[in-house]
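Take a look at the structure set out below.
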Amino acid sequence: MTSTLVFIGNLGATELTLIFLVVLLMFGGNKIPELMRGLGKGIREFNNAKNSVEDEIRQGMRDAEKKSIDK
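Remember, our numbering sits 5 above the position in the sequence shown when you count from 1.
Listed below in structure tokens is the structure:
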């Protein structure tokens, strides 16, 4: 998430306004909420998958640590 914030930090108000206007022209005002919902859902699914992988790695490290202590 930090890299995303760094990327956004390099954009000024003019650039963000221009990007918003281009999106508005391409998709229209009625389609934008649907696009944002889809984007939010995609980001949420990505974060859930990332957290799942991180949890599996942590659990594997704990299991390996327990095995090395038991020896």
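Where is the CB? At the ideal position from N, CA and C, for every residue including glycine.
Judged by DSSP in its simplified three-state form, N52 adopts helix.
Excluding sequence positions up to five before and after K36, its CB lies less than 8 Å from no other CB in the same chain. Cα atoms of N56 and N15: separation of roughly 28 Å, rounded to the nearest angstrom.
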